[in-house]
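Heads up: the sequence shown begins at 0 in numbering that gives the first Met the number 0, then just goes up one per residue.
For every residue, glycine included, the Cβ atom is placed at its ideal position computed from N, Cα and C.
Note that this is a predicted model, so its numbers are computed, not measured.
First up is the structure itself, then whatever we jot down about it.
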Amino acid sequence: MIPLKDKEEMINNFDPIKLYLEDNIKTSVNVIIADDYASLVKGMEQGTIDIGWYGAYSYIAADSLLDLKPLVVQERKVDGLYYQSLIITKKESDIHTIEDLKGSTFSIVDSGSTSGYVLPFALFRSRDIEIEDFFDEVHFSGTHQQVTIDIESNLVDAGAISSIQFEKLIKENKIDENDYRVIWKSEDIPGSLFVAGTNIDEKIQEKFISAMVAIHQEQPKALEEFDDSIERYIEVDNSIYHSIRNIATILGKDYMIEFFLKSE
């Protein structure tokens with residue numbers, strides 16, 4: 000899975016779903032939280048990962064290399080299939096607009112994160128902003144939660160984050176909404192999805208889909224433990240990712256290779 004927050008916390012939260020899947024698929028499931036987006040792609044390319052959990056852009060990028068099979072996507076209780084990328088800063092800061100970010104320090108999640116980098120990068124490019132020249136310093140946080148920590152600790156002045164993770168941190172009382180100002184919100188982004196590599200048996204794919212589509216009825220507590228903002232999972236309609244494919248086309252293949260597909 001893509002790294003959204005502390006790895007151990009993610010594994011613990013997913014464990015009830017893991018047990019549910021093992022019972023339905025009738026095979027053992029090993030959950031791996033990748034170090035970054037590129038290592039998730041590499042794991043699927045090498046066959047050490049059979050099913051991956053991707054964000055919208057990371058799926059498009061990985062699919063261009065691996066020809067992946069989309070399985071299920073999360074539908075959320077409030078926002079449905081979509082969420083947004085946000086640029087946030089401290090409430091008391093002097094930053095109110097994108098232009099005010101000039102000369103500031105800025106935190107991004109990972110170069111493969113749709114909301115934590117790709118959409119803000121596309122925004123800056125559309126305004127002819129070169130990140131290296133525009134910001135005093137750009138910090139890679141690694142997770143969405145770390146972006147808020149970077150801002151709170153004054154390591155950076157502002158940062159990019161997923162609206163889902165921002166709202167989740169508020170709900171869990173890990174941050175106070177009143178401490179932050181949202182200065183930009185993107186257009187809708189289709190949600191994160193599970194995809195299968197070409198090496199995995201089709202029967203397992205079908206069982207995985209059936210199990211995840213039914214989990215909100217069969218094991219609602221397991222779903223809630225993983226993420227209580229998810230209403231259910233549904234089979235993927237690939238057409239909802241067309242807007243992200245268009246952004247990927249605009250940014251170009253070189254961007255995809257340099258900032259996402261290329262491992263360290």
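Measure the alpha-carbon distance for residue i versus residue j and round it to whole angstroms.
i                : j                 : result
threonine 96     : aspartate 35      : 30 Å
glycine 115      : valine 155        : 15 Å
phenylalanine 13 : valine 181        : 30 Å
leucine 3        : glycine 79        : 20 Å
serine 162       : serine 152        : 20 Å
serine 191       : aspartate 109     : 16 Å
proline 219      : lysine 6          : 23 Å
threonine 88     : tryptophan 183    : 10 Å
glycine 51       : histidine 215     : 20 Å
methionine 132   : phenylalanine 123 : A small fix is needed here, since residue 132 is aspartate in this sequence, not methionine. Cα to Cα, the separation comes out at about 12 Å.
histidine 138    : alanine 37        : 18 Å
valine 235       : glutamate 21      : 22 Å
alanine 178      : threonine 147     : It is aspartate, not alanine, that sits at residue 178 in the sequence shown. Cα-Cα distance, rounded: 10 Å.
glutamate 223    : isoleucine 16     : 10 Å
glutamine 176    : lysine 202        : Note that residue 176 is glutamate in the sequence shown here, rather than glutamine. When rounded, the distance between both Cα atoms is 45 Å.
leucine 67       : glutamate 74      : 21 Å
valine 72        : aspartate 127     : 34 Å
lysine 173       : threonine 142     : 14 Å
serine 238       : serine 112        : 20 Å
isoleucine 160   : isoleucine 256    : 22 Å
alanine 210      : leucine 70        : 11 Å
Taking all protein chains shown into account, decide if residue i is buried (16 or more other Cβ within 10 angstroms of its Cβ) or exposed.
i             : result
aspartate 149 : buried
threonine 47  : exposed
valine 77     : exposed
lysine 170    : exposed
serine 106    : buried
lysine 90     : exposed
isoleucine 32 : buried
serine 185    : buried
threonine 197 : exposed
glycine 158   : buried
leucine 18    : exposed
glutamine 164 : buried
glycine 251   : exposed
lysine 41     : buried
threonine 241 : Per the sequence presented here, residue 241 reads as histidine, with threonine not at that position. Answer is exposed; the Cβ neighbour count stays below 16.
glutamine 45  : exposed
serine 140    : buried
serine 125    : exposed
Pull the bridge partners of residue i from the DSSP assignment, please.
i              : result
leucine 85     : Ile160, Lys184
tyrosine 53    : Leu192
glutamine 73   : Tyr232
isoleucine 107 : Phe139
Problem - the segment 242-260 in contact with the segment 57-69 per 3-pair CB rule at 8 Å - result: Three or more beta-carbon pairs drawn from the segment 242-260 and the segment 57-69 are found closer than 8 Å, and the two stretches are therefore classed as touching.
Practice task
Please specify which runs of the beta strand (DSSP E), each continuous and at least 3 residues long, are wholly inside the segment 176-246, giving them in chain order.
Solution key: For secondary structure counted as the beta strand (DSSP E) over 3 or more consecutive residues, the segment 176-246 holds these complete runs in sequence order: 179-184, 192-195, 229-234.
Problem - Three-pair Cβ contact test at 8 Å for the segment 224-240 versus the segment 85-100 - result: The answer is no - the segment 85-100 does not touch the segment 224-240, with fewer than three Cβ pairs under 8 Å.
Problem - Three or more C-beta pairs below 8 Å linking the segment 200-217 and the segment 18-33 - result: With three or more CB-CB distances shorter than 8 Å, the segment 200-217 counts as touching the segment 18-33.
Problem - Ranges of the alpha helix (DSSP H) found wholly within the segment 116-147, counting only runs of at least 4 - result: Taking only runs of at least 4 residues, the alpha helix (DSSP H) segments lying wholly in the segment 116-147 are 118-125, 130-133.
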